[in-house]
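S.K.: Structure in structure tokens, see below.
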Amino acid sequence: MSSHNSVYSNYSYYPLDTPTADTFLSSSPSGGSGLGNLSPSSSTTRVNTPESSRSNTRASPTSTQAKSIHPPSSQKPSQKSAEGYLSLGIEHHEAGRLKESAACFEKSATIDGGCAVGMLMWGLSLRHAWGCEKDEAKAFKWLKRAAEHSVEDLQAAKEGREALKNELVLAVYEVGQCFFRGWGVAKDKEMGVSYFKTAAQLGDPDAQQDLAFCLANGKGCKKDKKEAAKWYRAAVAQGASTVGLAWIYKPKYVD
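Its first residue numbered 786, the sequence shown is counted upward by one per residue in the numbering used here.
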């Protein structure tokens, strides 16, 4: 599982034979109709526990990762734009200037309506007290807003949809973490698992591992080791560690 101090995923998108981001636009994580405010109607959750066999941790944002989410345009973003403040914030963060990075992420989240990744990074800064006062309730609101904003961007986009999917998946994953851990919102492990499942279906390896762990151990959902094995194998196919997972290849857990 990711540690409490984690902030950002080394994100890679691998299409799987699962629902796409377009499917998510018309359904909530729990399978209800309509996205609304990204609140699943059923409860389900995320795993950040020492029991987990996961060895991967979420890393701090890097300029390379930012470029993977925001493909370079023909023009550099204005320093006073939401994207400009996001880039500057990441530079400050990488240099350890957390107060400066937090200030930039806040501006990126709010100026001219903000950008989804800026909202995400401002929410994470608030959650982990990186350069600002810790406020988990406020952090949850910004993470949720980032997910909603990503959905709106994806609905309106004619190009660059792959990068927008990445924004959406990461935001959904972090909202799930809030529910699972009770960070800024009432703890609801079942609700968290619902968000993990959505992110896992969209190809996020971290979410796939977390969902698998929950299924294997009955955390926030009914125990189902065969389904858990399927999601562990999906994560392993994307480079996740196989330590302690020899069982997922046993015939009884393979379709």
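Just so it is clear, CB atoms sit at the ideal spot from N, CA and C, and this is done for glycine as well.
Taking 8 angstroms as the threshold, find out whether the region 930-938 comes into contact with the region 946-960 through three or more Cβ pairs.
M.R.: At 8 angstroms Cβ cutoff, the stretches touch.
S.K.: In the DSSP assignment, the alpha helix (DSSP H) including D991 goes from what residue to what residue?
M.R.: As a first step, residue 991 must be located in the sequence shown, where it is residue number 206. Per DSSP, D991 belongs to the alpha helix (DSSP H) from P990 to N1002.
S.K.: Quick check on A1019: buried or exposed, where buried means 16 or more other Cβ atoms within 10 Å of its Cβ?
M.R.: Against the sequence shown, residue 1019 aligns to sequence position 234. Answer is buried; the Cβ neighbour count reaches 16.
S.K.: Below 8 angstroms on the Cβ atoms is my guess for Y1004 versus Y1038; work out the distance and round it to an integer in Å.
M.R.: Reading the sequence shown from its first residue, position 219 is the one you call residue 1004. Reading the sequence shown from its first residue, position 253 is the one you call residue 1038. First, the residue type needs correcting, since residue 1004 is Lys and not Tyr in the sequence shown. Incorrect: roughly 18 angstroms between the Cβ atoms, too far for contact.
S.K.: Write down every uninterrupted run of the alpha helix (DSSP H) in the region 855-942 whose length is 4 residues or greater and which is fully enclosed by it, in chain order.
M.R.: Segments of the alpha helix (DSSP H) lying fully in the region 855-942: 867-879, 883-895, 901-913 and 921-941.
S.K.: So, is K974 buried or exposed, given that buried needs 16 or more other C-beta atoms within 10 angstroms?
M.R.: On the sequence shown, residue 974 is found 189 positions in, with the first residue counted as 1. Its Cβ being crowded by 16 or more others within 10 Å, K974 is buried.
S.K.: Would the beta-carbon of S935 fall within 7 angstroms of that of E947?
M.R.: Taking the first residue of the sequence shown as 1, we reach residue 935 at position 150. Taking the first residue of the sequence shown as 1, we reach residue 947 at position 162. Not a contact, by the Cβ cut-off of 7 angstroms.
S.K.: Which residue wins for smallest C-alpha separation from S866, given the options G881, C900 and K884?
M.R.: The residue labelled residue 866 in the question sits at position 81 within the sequence shown. If we check each option's Cα against that of S866, C900 comes out closest.
S.K.: Could you tell me whether the Cβ atoms of F964 and G977 are closer together than 7 angstroms?
M.R.: Position 179 of the sequence shown, counted from the first residue, corresponds to residue 964. Position 192 of the sequence shown, counted from the first residue, corresponds to residue 977. Closer than 7 angstroms, so yes.
S.K.: Measuring CA to CA, which of A888, A985 and L1030 is closest to K950?
M.R.: The residue labelled residue 950 in the question sits at position 165 within the sequence shown. Measuring from the Cα of K950, the nearest candidate turns out to be A985.
S.K.: Beta-carbon separation of F890 and S910 under 7 angstroms?
M.R.: The sequence position of residue 890 within the sequence shown is 105, counting from 1. The sequence position of residue 910 within the sequence shown is 125, counting from 1. A contact, by the Cβ cut-off of 7 angstroms.
S.K.: Is the beta carbon of H968 sitting closer than 7 angstroms to the one on L996?
M.R.: Residue numbering aside, residue 968 sits at position 183 when the sequence shown is read from its first letter. Residue numbering aside, residue 996 sits at position 211 when the sequence shown is read from its first letter. For the record, residue 968 in the displayed sequence is Trp; it is not His. No, Cβ-Cβ distance for W968 and L996 is not below 7 angstroms.
S.K.: With distances taken from CA atoms, which of C917, V902, G903 and E868 is nearest R882?
M.R.: Translated into positions along the sequence shown, residue 882 becomes position 97. Closest option to R882, Cα to Cα, is C917.
S.K.: Check E959 in the structure and name its three-state DSSP category.
M.R.: If you number the sequence shown from 1, residue 959 lands on position 174. Note: E959 maps to helix in three-state DSSP.
S.K.: What three-state label does DSSP hand L1030 in the structure shown?
M.R.: Position 245 of the sequence shown, counted from the first residue, corresponds to residue 1030. Coil.
S.K.: For C1006, I'd like the list of residues in its chain whose CB is within less than 7 angstroms of its CB, leaving aside the five on either flank, ordered along the chain.
M.R.: Along the sequence shown, one-based indexing puts residue 1006 at 221. Same-chain partners within the cutoff: T829, E975, V978, C999 and L1000.
S.K.: Considering just the uninterrupted stretch of the alpha helix (DSSP H) at Y980, what are its terminal residues?
M.R.: The residue given as residue 980 occupies position 195 in the sequence shown. Looking at the DSSP string, the run of the alpha helix (DSSP H) that includes Y980 is K974 to Q986.
S.K.: Does DSSP put W1086 in a helix, a strand or coil?
M.R.: Limits of the chain in this structure are 786 at one end and 1040 at the other, which puts residue 1086 out of reach.
S.K.: Ends of the alpha helix (DSSP H) at E944?
M.R.: As a first step, residue 944 must be located in the sequence shown, where it is residue number 159. No alpha helix (DSSP H) holds E944; DSSP gives it neither H nor E.
S.K.: When burial is assigned at 16 or more other CB atoms within 10 Å of the CB, is G898 buried or exposed?
M.R.: Locating residue 898 in the sequence shown gives position 113, counting from the first residue. When all chains shown are included, G898 counts as exposed.
S.K.: As a quick exercise: from K884, D920 and D989, pick the residue whose alpha carbon is nearest that of Q1023.
M.R.: The sequence position of residue 1023 within the sequence shown is 238, counting from 1. Ranking the options by Cα distance to Q1023, first place goes to D989.
S.K.: For a test of the three-state rule: what should DSSP assign to A1019, helix, strand or coil?
M.R.: On the sequence shown, position 234 is the one that residue 1019 refers to. It is helical.
S.K.: Using the C-alpha atoms, what's the distance from E921 back to I875?
M.R.: By 1-based counting over the sequence shown, the position of residue 875 is 90. By 1-based counting over the sequence shown, the position of residue 921 is 136. About 21 angstroms.
S.K.: Look at the Cβ atom of V902, then the Cβ atom of L871, and state whether they are nearer than 7 angstroms.
M.R.: Residue numbering aside, residue 902 sits at position 117 when the sequence shown is read from its first letter. Residue numbering aside, residue 871 sits at position 86 when the sequence shown is read from its first letter. Yes. Within cutoff.
S.K.: Among residues of its own chain, excluding the 5 on either side of V960, which ones have a beta-carbon nearer than 6 angstroms to its beta-carbon?
M.R.: Here residue 960 is taken as the residue at index 175 of the sequence shown, counted from 1. Excluding positions up to five away in sequence, the list reads L928, K929, A932 and Y980.
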